[in-house]
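Sequential numbering of the sequence shown, starting at 2, is according to the working numbering. See below for the structure under consideration.
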Amino acid sequence: MSDTLAAYRRAEGPVPERYWLWPLYGAGIDALGRDGEPIAVDTPPCGPDQLLVRHDAVGLCFSDTKVIHAGGTHPRLAGRDLSSQPVVLGHEVSLTVMQVGENLRDRFHLGERYIVQADIYYRGVGLAYGYALQGGLSQYNLIGPEILNGDEGCYLLPVRPETGYAQAALTEPWACVGASYDVVYRAGWLGGGAVLIVAGPAATAGAPLRLGEPFAGGQAPSVVVTVGVEGELADELAARATRDGFRLVQLPGTPSPQGEAAAILAAAGVEAFDDLVLLGADAATYAAYEPLVGRGAVINLVGGEALSERAPVDVGRLHYDFLSLTGTPGPVIAAAYAPVRTQLVPRGRAAFLGAAGPMGQMHVQRALQAPDGPGLLVATDLAAERLAVIESKYAALIDARRGATKVVLRTPDGASAEAFNEGLLALTGGAGYDDIIVLAPSAAVIAGAVPLLASGGVMNIFAGLARGTKAPIDLRRVVCDGVRFTGTSGSSIRDLRTMLDAAESGRLDPNLSVVAIAGMRAAKRGIEGVMQQTFPGKIVVYPQVLDFPLTPLAELASSLPSVYALLGPHASWTNEAEAQFLKEML
2 MSDTLAAYRR AEGPVPERYW LWPLYGAGID ALGRDGEPIA VDTPPCGPDQ
52 LLVRHDAVGL CFSDTKVIHA GGTHPRLAGR DLSSQPVVLG HEVSLTVMQV
102 GENLRDRFHL GERYIVQADI YYRGVGLAYG YALQGGLSQY NLIGPEILNG
152 DEGCYLLPVR PETGYAQAAL TEPWACVGAS YDVVYRAGWL GGGAVLIVAG
202 PAATAGAPLR LGEPFAGGQA PSVVVTVGVE GELADELAAR ATRDGFRLVQ
252 LPGTPSPQGE AAAILAAAGV EAFDDLVLLG ADAATYAAYE PLVGRGAVIN
302 LVGGEALSER APVDVGRLHY DFLSLTGTPG PVIAAAYAPV RTQLVPRGRA
352 AFLGAAGPMG QMHVQRALQA PDGPGLLVAT DLAAERLAVI ESKYAALIDA
402 RRGATKVVLR TPDGASAEAF NEGLLALTGG AGYDDIIVLA PSAAVIAGAV
452 PLLASGGVMN IFAGLARGTK APIDLRRVVC DGVRFTGTSG SSIRDLRTML
502 DAAESGRLDP NLSVVAIAGM RAAKRGIEGV MQQTFPGKIV VYPQVLDFPL
552 TPLAELASSL PSVYALLGPH ASWTNEAEAQ FLKEML
């Protein structure tokens, strides 16, 4: 190791008086930086309760482009005026401690390395790194109590000295992938919550409805509001209200709350319901009452007789608001509440739709590296050349799974969506997929994939769509076939720790996701590449390298042959190549 690189890793040498960053002053790519360039700012003094950190590597994320498109209207920025308070993007970051405030010297030390849990909560307020808080597209940053003493403790996770900078930074997107398989949904009414039960047009079509046991003993809701519920179920609810101590409000009903939503919520004394039970609902009933539920709500569809038409489901809320759809064909309300499977079915049939992008590749890699991965793994994308990267990049993993996992890559090649989906279904012999992971932000893709699910199948809506985005979904599949939907946004510090442990133990190689690198001045070019989906993988920016163009790894053969010589199979990034790159460029 060169003396320069060794000193860099030990955080030796003076901190510069000024450093470079990329501020975003509004909506649109032209609002990034000044005249297409980063700006230099004074390095702030480190206060007694702060750390001055150096950003060593930052991965560019599609979420960064959403902030650029939205500007101050982005949900995480809460109407912030970016012209006077610009944000600095970059939440997939690896950093090194350069200065330690006097009140923190028993906890932190010069040269220690960390990654950041991006979803930060301080005194109940969300302050994400690279959103409300200055992010990794800056050479240096001050870190204070919001991160060091947040609501969940310290949001920094220590990194081993031998771990690569890109390897560490990319555990953040990997944590988001892992979180989507570890999510847990409620299997019953929320204790102390608010429940709305609505009688739809087919509520009396079958056997008499019964409550069952929709909540655990001692965990009754605080209030249950019914709309149009009559007969034996109404009597049972009245008896249970007396026995279990919840307030029961019984309203006369129409299947639509047109103009009545405020009155229904007022009757419960809440802003939104935690649980919604729709009895014999049709598509119109679902559409009318879905907006009355809050974040984390469970919507239970009891009976599918009236669901002859597809219902407009807010798939944006399934992803961002943690909504859960469950159902039962029988008359017992509680029968619908069961744990939702979120892991891939071992040796099952899995389809990854829109898999050629960076996050899609991670999902495929995870499935290939799983001890009990799927027996059939189908990956799709619109562009054959992008999808082919999966076959080359993961050739060793695919070879290792030969005989256990059949890997199939599919592109439409001009076929209609209907014909393409029919071909995907045929790959399963008509049985359908146990798991479908949607990696394309498209309501049409989601709606078209629902018929491809097997009975008991689960659709992971990983790609986020804006709240209010509706997809026409046949909810009879939820009621009669046990189909379920999952969706997550971001990750927890537990997810990040799990992925960092996997990377540092060798069970996972985040470096396989890297397809291009850049210096600080080329970060804007990198973001444009993400916007245009130019690169089939992750772009990593090294902020301390000021002048190095955006470069695909394969092109290092001509620009930095000594770095190229240390790449892995199929021109994959390695810690050794990174060390040589920094040795030459610092």
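Every residue gets a Cβ at the ideal spot worked out from N, C-alpha and C, and that includes glycine. Nothing here was measured: the structure is a model prediction, and the numbers come from that model.
Reduced DSSP category for residue i - H, G, I as helix; E, B as strand; rest coil
{"i": "E272", "result": "coil"}
{"i": "T535", "result": "coil"}
{"i": "T74", "result": "helix"}
{"i": "A263", "result": "helix"}
{"i": "G424", "result": "helix"}
{"i": "Q100", "result": "strand"}
{"i": "R588", "result": "No statement about residue 588 is possible, as the shown extent of the chain runs from 2 to 587 and does not include it."}
{"i": "P39", "result": "coil"}
{"i": "F353", "result": "strand"}
{"i": "H110", "result": "coil"}
{"i": "S148", "result": "Per the sequence shown, the amino acid found at residue 148 is Ile instead of Ser. I148 falls in the helix class under three-state DSSP."}
{"i": "W21", "result": "strand"}
{"i": "P292", "result": "helix"}
{"i": "G433", "result": "coil"}
{"i": "H92", "result": "coil"}
{"i": "T172", "result": "helix"}
{"i": "F323", "result": "coil"}
Alpha-carbon to alpha-carbon, residue j and residue i
{"i": "P553", "j": "D373", "result": "33 Å"}
{"i": "Q168", "j": "A269", "result": "50 Å"}
{"i": "Y543", "j": "A519", "result": "6 Å"}
{"i": "A380", "j": "T412", "result": "9 Å"}
{"i": "A444", "j": "L212", "result": "34 Å"}
{"i": "P562", "j": "L583", "result": "14 Å"}
{"i": "E147", "j": "L78", "result": "16 Å"}
{"i": "R311", "j": "A467", "result": "20 Å"}
{"i": "A217", "j": "P340", "result": "14 Å"}
{"i": "S84", "j": "T535", "result": "29 Å"}
{"i": "A188", "j": "A503", "result": "30 Å"}
{"i": "D120", "j": "G145", "result": "15 Å"}
{"i": "G80", "j": "Q86", "result": "11 Å"}
{"i": "Y132", "j": "Y122", "result": "13 Å"}
{"i": "P347", "j": "L398", "result": "17 Å"}
{"i": "P442", "j": "H75", "result": "17 Å"}
Sequence-distant residues of the same chain with beta carbon closer than 8 Å to residue i, five excluded per side
{"i": "V439", "result": "L354, G355, V446, I447, A450, M460, N461, I462, F463 and A464"}
{"i": "A12", "result": "R55, T97, V98, M99, L111 and G112"}
{"i": "I116", "result": "V94, S95, L96, L157, L158, V160, A169, A170, T172, E173, L497 and L501"}
{"i": "L587", "result": "T5, L6, Y9, Q545 and V546"}
{"i": "E272", "result": "L266 and G295"}
Cβ separation of residue i and residue j, assumed to be a contact under 8 Å, to the nearest whole Å
{"i": "K471", "j": "D315", "result": "6 Å"}
{"i": "T329", "j": "V480", "result": "7 Å"}
{"i": "Y591", "j": "D57", "result": "The question about residue 591 has no answer, for the chain in this structure spans 2 to 587."}
{"i": "T66", "j": "I528", "result": "6 Å"}
{"i": "V515", "j": "G483", "result": "About 39 Å; that fails the 8 Å criterion."}
6 Å CB neighbourhood of residue i in its chain, flanking five on each side removed
{"i": "V250", "result": "V226 and A268"}
{"i": "N104", "result": "P49 and D50"}
{"i": "A352", "result": "V379, Y434 and I437"}
{"i": "R204", "result": "Per the sequence shown, the amino acid found at residue 204 is Ala instead of Arg. Counting only Cβ-Cβ distances below 6 Å, and skipping sequence neighbours, we find L280 and G281."}
{"i": "A180", "result": "T489, S492 and D496"}
{"i": "P550", "result": "A523"}
For residue i, the first and last residue of its enclosing beta strand (DSSP E)
{"i": "P313", "result": "A312 to D315"}
{"i": "R498", "result": "Not the beta strand (DSSP E): R498 falls in the alpha helix (DSSP H), residues I494 to S506."}
{"i": "G60", "result": "L52 to G60"}
Contacting residues, own chain, Cβ-Cβ under 7 Å from residue i (five flanking each side not counted)
{"i": "F247", "result": "A221, P222, S223, V224 and V225"}
{"i": "L567", "result": "T575, E577, A578 and Q581"}
{"i": "F323", "result": "R296 and G297"}
{"i": "D82", "result": "G73"}
{"i": "E505", "result": "R161 and T164"}
{"i": "V201", "result": "In the sequence as displayed, the identity of residue 201 is Gly instead of Val. Cβ neighbours of G201 beyond the five flanking positions: P256, L279, L280, G281, A282, D283, T286 and A307."}
{"i": "D382", "result": "G355, A356, A357, L388 and T412"}
{"i": "T44", "result": "V16, P17, E18, R19, Y20 and Y141"}
{"i": "Q344", "result": "Y182"}
{"i": "R342", "result": "V459"}
{"i": "H571", "result": "S393, K394 and A396"}
{"i": "R402", "result": "L369 and G374"}
Segment limits, alpha helix (DSSP H) that includes residue i
{"i": "R161", "result": "No alpha helix (DSSP H) contains R161, which DSSP labels as neither H nor E."}
{"i": "Y132", "result": "Element bounds for Y132: n/a, residue is neither H nor E."}
{"i": "V341", "result": "Element bounds for V341: n/a, residue is neither H nor E."}
{"i": "M363", "result": "P359 to Q370"}
{"i": "F582", "result": "N576 to M586"}
{"i": "L6", "result": "D4 to R10"}
{"i": "G213", "result": "Run containing G213: none; DSSP gives neither H nor E here."}
is_contact[residue i, chain B] using C-beta, thresh 8 Å
{"i": "I334", "result": "No chain B is part of this structure, which consists of one protein chain only."}
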